[in-house]
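Letter by letter, the sequence shown follows residues 0 to 695 of numbering that gives the first Met the number 0.
All C-beta atoms, glycine included, are put in the ideal place defined by N, C-alpha and C.
In this text the structure is predicted, and so the values were computed from the model without any measurement.
Step one of this worksheet: look at the structure below.
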Amino acid sequence: MIEAYLMHEQERNAQGIPALPLNPEQTADLCELLQNPPAGKEEFLMNLFTERVSPGVDPAAEVKAAFLAKILKGTKSSPLIDKKKAVQILGTMIGGYNVQPLIEALKDSTLADEAACALSGLTYIYDAAAEVIALSKNNAAAKKVIESWANAEWFTNKPVLAETIKVKVFKVEGEINTDDFSPAGDAWSRPDIPLHALAMGKTRFPGGIEEIAKWRAEGHQVAFVGDVVGTGSSRKSACNSVLWCIGDDIPAVPNKRRGGVIIGGVIAPIFFNTAQDSGALPLRMDVTNLNMGDVITINTAKGEVTNEAGEVVSTFEIKPDTVADEYRAGGRIPLIIGRSLTSEAREALALGETDIFIPADNPTPKAGQGYSQAQKIVGRACGVDGVLPGTACEPKMTTVGSQDTTGPMTADEIKELACLRFKSPMFMQSFCHTAAYPKPADVKMHNNLPKFISDRAGVPLRPGDGVIHSWLNRLLVPDTVGTGGDSHTRFPIGISFPAGSGLIAFAGALGFMPLDMPESVLVRFKGEFNEGITLRDAVNAIPYWAIKQGLLTVPKKNKKNIFNGRILEMEGLPNLSVEQAFELTDAAAERSAAAGCIQLSEESVCTYLRSNVALMKKMIEEGYQDAETLQGRIDAVNEWLKDPKLIRADANAEYAAVIEIDLAEITEPILACPNDPDDVKLLSEVQGTPIQDVFL
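Here is the structure:
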């Protein structure tokens, strides 16, 4: 085992990357070796055991936790790991298989203090928290754990966001999209973060990763800077690659990094959220005076950036207010889960709310407050009438979709979250991106991922079934909120906020998702289509009218985009079919909008839903899993059909902008020019342009 590992490590090191984490078989072999370690290999074996096994509910973590549990019970032993050391190692495994052995150790007087210390630092406890709370009634060590959770020591023991951060600027001019960070052609390697990171920028900024590595070797912390950062697909692998190059190793979590500063004149909303979730520090500011190779100091307290001469070269605001806490906690996801555990512990101890965390600065509704369609849909998912822009909320995720190029990463995140069953009532996994031309890694994924999803009560499709969006749309409940691991997850009924694979895993595992409610832009259509004008022209009319009104510019430098990070709400076409409506909501992705929704008639939606129920029944008949989940969705849709009423915007709802499009004014087709969906022109403006490529 040692020889094979060292050979593998040598091959990987030749590429400048670490070895893969240990698989379950290697971990089992390692556990055998630890019981009788070869002379001179003790430190090597312990490093493998503590640092090279993935945590959470990874299959290798199960082997590791079981071995440590046996040491605690006295049925196994190692000269390198006594019982107290075993407890300490269990405390580094985040959550999942390590929790039960630690709870048992609380009952052992010789280990109780060590176990209390280990559990106090863990937050991915979930339902087991109730067990510790019950035990604390007559167990002093368990009481100590509950008190530690209540005081949020898992958080306060971590360093605060530094007041000043000195970084060297690695700047890429113009727009850098997620395909520049994580090329689609290298999708097969995305779950292997260090290997995939070797492809970062290979066409957009070749030599960049080598330059960053050189600067880091010289002792610099490097910040990634761009004019427009992270547009395009929602892939978390883009953020993974950036953080692998500029972030810090995470103790006991192999081949993953967090931390790192990302600065953009504009940072696309999904990429910004993914950076938050991953424990990075994303900052939006004017980057005009930040140049490649500059050494700058970021003052997080003053919101100023100074150069080496002490001159202020840019200013910024940390937004949302909670970013500093998220960075301290290791990411937005760990912060949310930890805060929830602290609340549960405080409730058990009959304590009031804590003031340890930065509170969300949420707006207060005024008397007679009007809400838009999106604000009401999200409000319903939060149990309130409506949610105003700027509100930090946690809407229930009724439908979650995952696709195959990010699915293996989502599975890794699900394991790290210690999730054994989805709390979202519908988690669907597609195989649409890799079915046609699968690489060897894809074939393996086609065999393994479906069972992983169905074991957690999710619904895996089959390779060849079709595209994630058309399937996910068929599984929706009207006026509910969802998400998907693809930037084009834009529900035509209800609303969806696409996300990276980390947030998809979170939404599936916990059944809700953190959301800083964006503002909305209303597009109101009126009139009728002229002959020969299609729905595609209506889609392109949105940027065309926005350009005419000065709300959108095409050049990337100092780009103006009213839709960026906002919700695109549409009305005035109530009789479209749901399939047609998806053409409009889907295009919200090209606008860099956070989400899109459209007002339809009950008649259109009911027709669609009745067809969907028939499809889901057929899926159960054909053996699709999880049958119980599919039946639950059939029941939810049928329940809505009994009294079909759709949410509509209030007349006094407020928007960041209102764009009114008279369809009668569209007298010729509107085309999107190559490489930029914002660059739309009338057919007459581009006639006579030679055509080099036609794609069917």
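By the neighbour-count criterion, in which 16 or more other beta carbons inside 10 Å mark a residue as buried, residue 539 falls on the buried side. Take residue 487, set aside five residues on each side of it, and the residues of its chain with a beta-carbon closer than 8 angstroms to its own are 468, 497, 585 and 588, in chain order. CA-to-CA, the gap between residue 376 and residue 649 works out to about 12 angstroms.
Counting only runs of at least 3 residues, the segment 578-645 fully encloses the following beta strand (DSSP E) elements, listed from N- to C-terminal order: 594-597. Nearest C-alpha to residue 644 among 604, 672 and 633: 604.
Excluding residues up to 5 positions away in sequence, 33 and 34 lie with their Cβ nearer than 6 angstroms to the Cβ of residue 77 in the same chain. Contact between residue 111 and residue 117 fails: their C-beta atoms lie close to 11 angstroms from each other, not under 8 angstroms. In terms of Cα proximity to residue 273, the closest of 662, 502, 4 and 572 is 502.
Under the three-state reduction of DSSP output, residue 395 falls in the strand class. Classified as buried, residue 195 has 16 or more neighbouring CB atoms from the shown chains inside 10 Å of its CB.
Taking all protein chains shown into account, residue 74 has fewer than 16 neighbouring C-beta atoms within 10 Å of its C-beta and is therefore exposed.
Assigned with DSSP and collapsed to three states, residue 172 falls in strand.
The three-state secondary structure of residue 459, taken from DSSP, is strand. Put simply, the segment 152-172 touches the segment 206-223. At least three CB pairs are less than 8 angstroms apart. In the three-state reduction of the DSSP assignment, residue 352 falls in the coil class. With a beta-carbon spacing of about 6 angstroms, residue 567 and residue 520 fall inside the 8 angstroms limit used to define contacts.
The continuous alpha helix (DSSP H) containing residue 273 extends over residues 268-276. According to the DSSP secondary-structure assignment, residue 519 is paired through a beta bridge with 566. With contacts defined as CB atoms closer than 9 angstroms, residue 319 and residue 393 fail to qualify as a contacting pair. Residue 59 sits away from residue 12, with the two beta carbons spaced by 9 angstroms or more. Of the residues assessed, residue 428 falls on the buried side of the cut-off, its CB having 16 or more other CB atoms within 10 angstroms. Where residue 147 is concerned, the enclosing alpha helix (DSSP H) starts and stops at 139-149. If you draw a straight line from the Cα of residue 695 to the Cα of residue 533, it comes to about 18 angstroms. In the three-state scheme derived from DSSP, where H, G and I count as helix and E and B as strand, residue 659 is classed as strand. Between the segment 303-317 and the segment 172-181, the count of Cβ pairs shorter than 8 angstroms is below three; the stretches do not touch. Per DSSP, reduced to three states, the secondary structure at residue 89 is helical. With respect to the 9 angstroms criterion, residue 517 and residue 676 are not classified as neighbours on the basis of their beta carbons. DSSP lists 263 as the bridge partner or partners of residue 283. Note that the C-beta distance between residue 253 and residue 53 is below 9 angstroms.
Here residue 239 is buried. Its C-beta has 16 or more other C-beta atoms within 10 Å.
Taking the Cβ atoms as the reference, residue 444 lies roughly 7 angstroms from residue 406, within the contact range of under 8 angstroms. DSSP, reduced to helix, strand and coil, places residue 313 within a strand of the structure shown.
When secondary structure is reduced to three states using DSSP, residue 4 falls in the helix class. Put simply, the segment 62-73 touches the segment 88-103. At least three CB pairs are less than 8 angstroms apart. Residue 49 and residue 547 have their C-alpha atoms some 60 angstroms from each other.
At a Cβ-Cβ threshold of 9 angstroms, residue 151 and residue 115 do not count as neighbours.
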